[in-house]
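Numbering (the working numbering), first residue to last: 797 to 1124. Note that CB positions come from ideal geometry on N, CA and C, so glycine has one too.
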Amino acid sequence: MIVLGVESSCDETSVAIVKDGKEILSNVVSSQIDIHKEYGGVVPEIASRCHTERITLVFEEALKAANLEPKDIDLVAVTQGPGLIGALLIGIGAAQAFAYAHKIPIIGVNHIAGHIYANNIENDLKFPLLSLVVSGGHTELVLMKAHNDFEVLGQTLDDAVGETYDKVGRVINVEYPGGPVIDKMAFLGEDTYNFPRVYLDKQGFDFSFSGLKSAVINFVHNKNQRNEEINKYDLARSFQESVTDVLVYKTYEAAKKYNVKQIIIAGGVAANKGLREKLLNTITDFEICMPSIKYCTDNAAMIAICGYYAQDKLDKQFEIDGMPNLDL
Ligand code: KG4
Ligand code: ZN
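Printed below as a string of structure tokens:
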């Protein structure tokens, strides 16, 4: 079965073609990061315009790279939400037009579920599994007992991890998105600044990152006011250690409590080398899988795979609305 996936929820325009929920025949990703960098973050209006300009070309490239024609596609899967509404609607409109024109069924996919299914590319999902979801807008621990069965065990009560990375990046004047830059800098510094680890209730699985964000921002402002030097590499490392200590601790506790067969990670921050290393070094009695870096950030291959495993929902999904706050 050949599924064509479409992703446009934020700042990547992507179309992919995947066979049987696994084999990637093409995965074209057109990133707008260089455009949004100038503004220090994603500008929704500009994102919508860029998607509009690029989506047709990205469709064509994906078909060409897979050496397929529209008649070869069995199902279209498109990101329905969560995301920026204007951006979502461009992908949904294009996917619907393509599906209707070629009489192909179409299904709406949850973007976060898509991130989770990126793990099916290089590994096989084994249930029950625990997924640590860490992206620009989400931080969640999700239990899956079967395909398409998501139980959110805990989530952030305030800022998402990726958002926190990007805000810290802004106060230390690194390019947007700050996440990957801080990750690299962290490996050149030491954890000398001892920022707080916010566990909330240690038995629970909710997260909070706004306190850590404020601690880092206040620290930088105080040092600046006193004209004192900050070692940015030590700051990056100290911040990253605080974040990853909490993420790894809660993941381990949840994995033990629910006795899962597998731990996976999902979302843009899953590309974080510090997090990947700490998970593997700390948790040695569970199978841990992670997508390779290129499948951690937004792409349509993960959407196609998620659509493949969501086919039983197909009959309800002919009309697809953009849903900016769609839950798992
Ligand atoms: O999943 P994603 O591509 O988009 C959303 O669905 O939100 O995630 C983007 C987020 C950004 O906040 C970015 O800074 C973060 O993922 N990110 C990282 C790394 N690579 C991307 N954060 C920390 N370390 C990284 N290596
Ligand atoms: Zn994403």
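Spatially closest choice to residue i from the options, by CA coordinates
| i | options | result |
| --- | --- | --- |
| GLU936 | GLY1063, ALA1096, LEU800 | GLY1063 |
| GLY879 | ALA891, GLY817, GLY933 | GLY933 |
| SER804 | LYS818, ILE798, GLU849 | GLU849 |
| TYR1105 | PHE946, ALA883, ILE888 | PHE946 |
| TYR1029 | VAL964, GLY882, LEU884 | VAL964 |
| ASP1094 | PHE1003, ASP816, VAL824, ILE820 | VAL824 |
| PRO901 | GLY1103, LEU1122, GLU1073, LEU1124 | GLY1103 |
| VAL854 | VAL967, ILE968, ASN916, PHE894 | PHE894 |
| ASP1041 | LEU871, ARG1072, MET1119 | ARG1072 |
| GLY974 | GLN1021, GLY1070, GLY837, LEU1043 | GLY837 |
| GLY904 | LEU884, ASN919, TYR1048 | LEU884 |
| TYR989 | ARG1022, VAL967, LYS998, PHE1035 | PHE1035 |
| ASN916 | ALA897, GLY889, LYS818, CYS806 | LYS818 |
| MET981 | LEU953, LYS1069, ASN906 | LYS1069 |
| GLY889 | ASP954, ILE1060, VAL957, VAL802 | VAL802 |
| ASN1077 | VAL1044, ILE1116, ALA1096 | VAL1044 |
| GLY958 | PHE1005, ASP830, ILE1060 | PHE1005 |
| ILE842 | TYR1048, ILE831, ILE881 | ILE831 |
| ASN919 | ALA1096, ILE1060, LYS1074, MET1119 | ILE1060 |
Environment of residue i [buried if 16+ CB atoms lie within 10 Å]
| i | result |
| --- | --- |
| HIS911 | buried |
| HIS1017 | exposed |
| PHE983 | exposed |
| LYS922 | exposed |
| ASP743 | Only positions 797 to 1124 of the chain appear in this structure, which leaves residue 743 out of reach. |
| ASP979 | buried |
| ILE1089 | exposed |
| MET797 | exposed |
| ASN1014 | exposed |
| GLN876 | buried |
| SER810 | buried |
| ASN906 | buried |
| ASP1123 | exposed |
| TYR961 | buried |
| ARG1022 | exposed |
| ASP1117 | exposed |
| LEU953 | exposed |
Closer than 7 Å: residue i CB and nearest the ligand ZN heavy atom
| i | result |
| --- | --- |
| HIS1017 | no |
| ASP1123 | no |
| HIS898 | no |
| ASP1041 | no |
| GLY1103 | no |
| ASP955 | no |
| HIS943 | no |
| GLY837 | no |
| ASP1094 | yes |
Same chain, Cβ closer than 6 Å to residue i, five either side skipped, listed in chain order
| i | result |
| --- | --- |
| ALA1050 | LEU926, LEU937, LEU949, PHE1001 |
| LYS1046 | PHE1001 |
| SER827 | GLU808 |
| ALA873 | VAL799, GLY801, ILE903, VAL905, ILE1099, ALA1100, GLY1103 |
| ALA861 | SER822 |
Nonlocal neighbours in the same chain, by C-beta distance under 7 Å from residue i, ignoring five residues either side
| i | result |
| --- | --- |
| ALA1066 | VAL930, MET1086, PRO1087, CYS1092 |
| GLU1037 | ASP987 |
| GLY1007 | PRO992, VAL994 |
| VAL924 | Val is not the amino acid found at residue 924; the sequence shown has Pro there. Excluding residues within five positions, the ones whose Cβ falls inside 7 Å are LEU939, MET940, LYS941, TYR1054, VAL1056, LYS1057. |
| TYR913 | MET1098, ILE1101, CYS1102, TYR1105 |
| LYS998 | none |
| ASP868 | ILE798 |
Residue i: CB within 7 Å of a non-hydrogen atom of the ligand KG4
| i | result |
| --- | --- |
| GLY933 | yes |
| HIS847 | no |
| ASN1068 | yes |
| TYR961 | yes |
| VAL825 | no |
| CYS806 | yes |
| PRO840 | no |
| HIS832 | no |
| GLY985 | no |
| PRO1120 | no |
| THR809 | no |
| GLY1063 | yes |
Cut-off 8 Å between Cβ atoms - residues of its own chain near residue i, not counting five sequence neighbours on either side
| i | result |
| --- | --- |
| GLU971 | LYS833, GLY965, VAL977 |
| GLU1134 | No answer is possible for residue 1134: it lies beyond the span of the chain, which begins at 797 and ends at 1124. |
| ASN944 | ALA909, TYR1105, ALA1106, ASP1108, LYS1109 |
| GLY985 | ASN1027, LYS1028, TYR1029, ASP1030, LEU1031, ALA1032, ARG1033, SER1034 |
| GLU1025 | LYS1019 |
| GLU857 | VAL811, SER822, VAL824 |
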